[in-house]
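Chemist: Quick one: structure below, then a few questions.
Number of protein chains: 2
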Amino acid sequence: MNLDNTWFTEIEKSNNFAFSLKVKRKLHEEQSPYQKIEVYETESFGNLLTLDGLTMLTDRDNFIYHEMMTHPILFTHLNPKQVVIIGGGDCGALKEVLKHKGVEKVYQIDIDERVTRVAEQFFPDLCTTNNDPRANLLFEDGIKWMQNVPENSIDVIIVDSTDPIGPGEVLFSEQFYAQCRRALKPDGLYVQQSESPLFQLNLLQSMHKTLQAGGFAMTQTYQFFQCTYPSGWWTGTLAGEGDLTEFRYEDAENKDFTTHYYNPEIHSASLILPNFLLEALA
Amino acid sequence: MNLDNTWFTEIEKSNNFAFSLKVKRKLHEEQSPYQKIEVYETESFGNLLTLDGLTMLTDRDNFIYHEMMTHPILFTHLNPKQVVIIGGGDCGALKEVLKHKGVEKVYQIDIDERVTRVAEQFFPDLCTTNNDPRANLLFEDGIKWMQNVPENSIDVIIVDSTDPIGPGEVLFSEQFYAQCRRALKPDGLYVQQSESPLFQLNLLQSMHKTLQAGGFAMTQTYQFFQCTYPSGWWTGTLAGEGDLTEFRYEDAENKDFTTHYYNPEIHSASLILPNFLLEALA
């Protein structure tokens with residue numbers, strides 16, 4: 000069956016796979032200095048944000064990605080106070096991070112201010128904490144920012160970036176990982192979205208090696224469902240010095256905020272990998 | 000971006016979602032007495048089997064579905080000997096079941112013999128055990144077959160059916176569940192593919208109630224990744240009398256056959272559900 004032009008389609012060329020959401024109308028389109036930003040109103044997923052034609056999030060299912068990019072690392076760190084988000088201009092990760100009352104400061108560094116302004120307009124639910132006094136929204140180059148941050152000053156770095164093509168590519172490099180390792184305190188933790196294990200297995204393998212080359216002793220991939228990213232199967236990869244499978248289980252169980260996907264058992268379960276992935280990452 | 004006619008597309012109408020695989024050519028097309036059977040050669044997923052336009056399996060990722068529809072229930076049962084597969088005409092589930100040496104007899108009951116003949120031709124890897132002396136391939140109505148099977152005679156029933164629309168619908172009914180409960184021994188176990196928790200939450204909720212109305216004391220949903228089913232997020236639902244989260248962990252760890260997705264830790268992890276699903280099924 001062919002789709003008519005009432006559908007938004009994203010093609011994952013290297014796997015000859017595509018997925019589509021039926022749209023009511025396009026709400027916004029602009030070319031920022033960095034990328035093409037578009038917002039659609041869909042039939043069943045609420046609003047949809049795309050950058051250069053690639054899905055960033057929908058109202059309906061972004062809760063999974065944002066919860067799983069933040070709560071696992073924040074409950075793995077013993078006492079996260081200073082948090083940095085690289086990318087994340089839609090502010091969804093920021094909102095989840097700020098649910099942790101112990102967090103004292105969050106720097107969100109996205110090169111493209113227009114993404115945040117568009118999110119404020121079309122995804123207001125994600126932006127309700129942008130004016131939190133602990134939130135610092137900076138619109139500059141995250142790589143340069145990371146070079147200039149004092150060493151041993153950060154507890155948690157979350158890289159909520161686009162795919163490793165175009166502007167996001169340097170965020171998957173050994174040089175960037177080494178800068179992050181330098182900026183982190185000795186017990187600091189790093190996490191990065193790391194694509195689909197079915198579609199981008201080579202990338203996942205090389206990420207582990209590159210993170211280790213950048214100075215991280217330990218790396219750990221975990222997985223979650225994300226229906227509006229190609230294959231519906233997504234991962235984050237943690238890096239640090241200690242055992243990345245241990246976390247503050249009781250604190251996660253007794254947290255004083257609501258989550259729709261994350262719970263401490265899901266956290267444990269997400270760290271369990273299927274055989275082919277264990278073998279690929281061995 | 001629009002897809003041209005070199006793509007196979009499946010539309011999930013109730014969620015206004017679609018996914019597509021790029022195809023090289025159509026290898027086969029026929030109208031059986033029950034459904035339209037088509038086979039495509041795809042660019043990146045090997046061969047693709049569809050029934051009435053809906054994806055049944057691809058060479059690339061069917062291992063996940065077939066492993067997860069068989070090994071969890073077979074390692075939950077203490078000593079499965081008599082196994083019934085309702086549907087499953089592609090023979091992929093049968094092949095996984097027969098890896099368990101303790102299994103003495105498997106009845107595979109698919110109403111449409113043509114599905115099996117097409118699988119033998121285009122998915123020979125799935126059909127290598129069709130002539131195993133323990134395998135009994137029957138081409139008849141699974142509901143009628145289940146009515147006539149002696150009570151308390153079966154250890155495990157696996158319902159590997161199409162969606163609950165059209166011919167598969169009756170396989171989601173209280174009457175069918177009651178027949179299965181009757182056919183099972185007191186410690187017998189039932190499992191059925193139970194769709195996407197994101198897209199078919201109402202179905203999943205009603206399935207638990209209907210299974211219980213059909214006579215099963217306990218029900219338990221578990222989840223796995225399945226990129227070529229809508230949303231990429233799929234479930235099986237177990238039913239029986241005892242604790243369905245306990246299983247023969249050591250036997251699963253020491254199994255004498257290879258799996259590419261399943262391992263005992265994945266088994267445990269698959270039983271852990273995210274908050275919204277726990278709430279929906281509470």
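Each protein sequence line maps, in turn, to chains L and V. Heads up, the first sequence is in numbering that gives the first Met the number 0, so the first residue is 0 and it goes up one at a time. Heads up, the second sequence is in numbering that gives the first Met the number 0, so the first residue is 0 and it goes up one at a time. Don't be surprised by glycine CBs; every beta carbon is placed ideally from N, CA and C.
Give a yes or no on whether 8 Å exceeds the smallest Cβ distance from glycine 87 of chain L to chain V.
Modeler: Chain V contact via Cβ: absent.
Chemist: Output the boundary residues of the beta strand (DSSP E) element that contains lysine 143 of chain V.
Modeler: First-last for lysine 143 of chain V: 141-147, but that is the alpha helix (DSSP H), not the beta strand (DSSP E).
Chemist: If contacts are defined as beta-carbon pairs under 8 Å, then methionine 145 of chain L and glutamine 178 of chain L qualify, I think. What distance do you get, rounded to the angstrom?
Modeler: Yes, they are in contact, since the Cβ atoms of methionine 145 of chain L and glutamine 178 of chain L sit about 4 Å apart, within 8 Å.
Chemist: Let me see if you follow: with CB-CB separation under 8 Å, is phenylalanine 256 of chain L close to chain V or not?
Modeler: Chain V, which has no Cβ nearer than 8 Å to the Cβ of phenylalanine 256 of chain L, makes this no.
Chemist: Going by alpha carbons, who is nearest to aspartate 89 of chain L out of L:Glu168, L:Ile36, L:Gln191, L:Ile265?
Modeler: Among L:Glu168, L:Ile36, L:Gln191, L:Ile265, the Cα nearest to that of aspartate 89 of chain L is on L:Ile36.
Chemist: Can you tell me whether aspartate 255 of chain L is buried or exposed, with buried defined as 16 or more other CB within 10 angstroms of its CB?
Modeler: Per the 10 Å Cβ criterion, exposed.
Chemist: How many angstroms separate the CA atom of aspartate 242 of chain V from the CA atom of aspartate 131 of chain V?
Modeler: Taking the straight line joining both Cα atoms gives about 32 Å.
Chemist: Go ahead and pull the three-state DSSP assignment for methionine 206 of chain V.
Modeler: The answer is helix: DSSP assigns methionine 206 of chain V an H, G or I state.
Chemist: Is phenylalanine 18 of chain V close to chain L, meaning its C-beta is less than 8 Å from at least one C-beta of that chain?
Modeler: Chain L contact via Cβ: present.
Chemist: Let me know if isoleucine 164 of chain L comes out buried or exposed under the rule of 16 or more other beta-carbons within 10 Å of its beta-carbon.
Modeler: Exposed, because fewer than 16 other Cβ atoms sit within 10 Å of the Cβ of isoleucine 164 of chain L.
Chemist: Quick check on glutamate 278 of chain V: does DSSP put it in helix, strand or coil?
Modeler: Note: glutamate 278 of chain V maps to helix in three-state DSSP.
Chemist: So is glutamine 154 of chain L buried or exposed if we call it buried at 16+ other beta carbons inside 10 Å?
Modeler: Checking the displayed sequence, the identity of residue 154 of chain L turns out to be aspartate instead of glutamine. Aspartate 154 of chain L is buried by the Cβ-count criterion.
Chemist: Does alanine 279 of chain V come within less than 8 Å of chain L when only Cβ atoms are used?
Modeler: Chain L, which has no Cβ nearer than 8 Å to the Cβ of alanine 279 of chain V, makes this no.
Chemist: Would you kindly work out how many angstroms separate the C-alpha atoms of threonine 227 of chain L and phenylalanine 44 of chain V, rounded to a whole number?
Modeler: For threonine 227 of chain L and phenylalanine 44 of chain V, the distance between alpha carbons rounds to 19 Å.
Chemist: Report, in whole angstroms, the separation of the C-beta atoms of glutamate 11 of chain L and proline 196 of chain L, which I expect to be a contact under 8 Å.
Modeler: Wrong, their Cβ atoms sit about 14 Å apart, outside the cutoff.
Chemist: So, do the segment 252-271 of chain L and the segment 266-278 of chain V have three or more beta carbon pairs nearer to each other than 8 Å?
Modeler: Segments in contact, yes.
Chemist: Could you tell me the boundaries of the alpha helix (DSSP H) in which alanine 238 of chain L lies?
Modeler: No alpha helix (DSSP H) holds alanine 238 of chain L; the beta strand (DSSP E) holding it covers 232-239.
Chemist: In terms of DSSP beta bridges, what is histidine 259 of chain V paired with?
Modeler: DSSP output for histidine 259 of chain V lists no bridge partner at all.
Chemist: If I follow the unbroken alpha helix (DSSP H) through alanine 92 of chain V, where does it start and stop?
Modeler: Unbroken alpha helix (DSSP H) run through alanine 92 of chain V: 91-96.
Chemist: Looking at the structure shown, is glycine 101 of chain L part of a helix, part of a strand, or coil, going by DSSP?
Modeler: Residue state, collapsed to three classes: coil.
Chemist: Using 8 Å as the Cβ pair cut-off and three pairs as the minimum, do the segment 133-151 of chain L and the segment 52-71 of chain L touch?
Modeler: The segment 133-151 of chain L vs the segment 52-71 of chain L: no contact.
Chemist: Nearer than 7 Å: is that true of the beta carbon of valine 82 of chain L relative to any heavy atom of the ligand ADP?
Modeler: Of the ligands one can find in the structure shown there are none, so the ligand ADP has no counterpart to examine.
Chemist: In its own chain, which residues sit with a C-beta less than 6 Å from the C-beta of asparagine 14 of chain V, not counting the 5 before and 5 after it?
Modeler: So the list reads Phe198, once near-sequence residues are dropped.
Chemist: Identify the continuous alpha helix (DSSP H) that holds glutamate 66 of chain L and give its terminal residues.
Modeler: 61-67 is the extent of the alpha helix (DSSP H) around glutamate 66 of chain L.
Chemist: Put lysine 254 of chain V into one of helix, strand or coil per three-state DSSP.
Modeler: If DSSP states are grouped into helix, strand and coil, lysine 254 of chain V belongs with coil.
Chemist: Checking 8 Å against the spacing of the C-beta atoms, do glutamate 194 of chain V and leucine 183 of chain V come in under that value?
Modeler: Their beta carbons are not under 8 Å apart, which means glutamate 194 of chain V does not touch leucine 183 of chain V by this criterion.
Chemist: Give every residue of the same chain whose Cβ lies closer than 7 Å to the Cβ of leucine 200 of chain L, excluding the five residues on either side of it in the sequence, and list them in chain order.
Modeler: Counting only Cβ-Cβ distances below 7 Å, and skipping sequence neighbours, we find Ala279.
Chemist: Comparing alpha-carbon positions, which option in V:Thr5, V:Glu112, V:Phe224 lies nearest glutamate 29 of chain V?
Modeler: It is V:Glu112 whose Cα lies nearest to the Cα of glutamate 29 of chain V.
Chemist: Using a Cβ-Cβ distance under 8 Å, would isoleucine 265 of chain V count as near chain L?
Modeler: At least one chain L Cβ lies under 8 Å of isoleucine 265 of chain V.
Chemist: Threonine 220 of chain L lies in the alpha helix (DSSP H); which residues open and close that run?
Modeler: Counting along the chain, threonine 220 of chain L falls outside any alpha helix (DSSP H), though it belongs to the beta strand (DSSP E) covering 217-224.
Chemist: What is the DSSP secondary structure of threonine 75 of chain L, counted as helix, strand or coil?
Modeler: Reduced to three states, the DSSP call for threonine 75 of chain L is helix.
Chemist: Would you check if the distance between the CB atom of glutamine 192 of chain V and the CB atom of valine 158 of chain V is smaller than 8 Å?
Modeler: Taking 8 Å as the Cβ cut-off, glutamine 192 of chain V and valine 158 of chain V qualify as a contacting pair.
Chemist: Sort L:Glu168, L:Glu95, L:Arg180 by Cα distance to tyrosine 260 of chain L and report the nearest one.
Modeler: Considering only alpha carbons, the answer is L:Glu95.
Chemist: Just the C-alpha distance for threonine 209 of chain L and leucine 48 of chain V, rounded to the nearest angstrom, thanks.
Modeler: So the alpha carbons of these two residues sit roughly 39 Å apart.
Chemist: Rounded to whole angstroms, what is the Cα-Cα separation between glutamate 40 of chain L and leucine 26 of chain L?
Modeler: Computed Cα separation, rounded: 6 Å.
Chemist: Between leucine 53 of chain L and glycine 91 of chain L, which are expected to be in contact by the criterion C-beta below 8 Å, what is the C-beta distance as a whole number of angstroms?
Modeler: At roughly 16 Å, the Cβ-Cβ gap does not stay under 8 Å, so leucine 53 of chain L and glycine 91 of chain L are not in contact.
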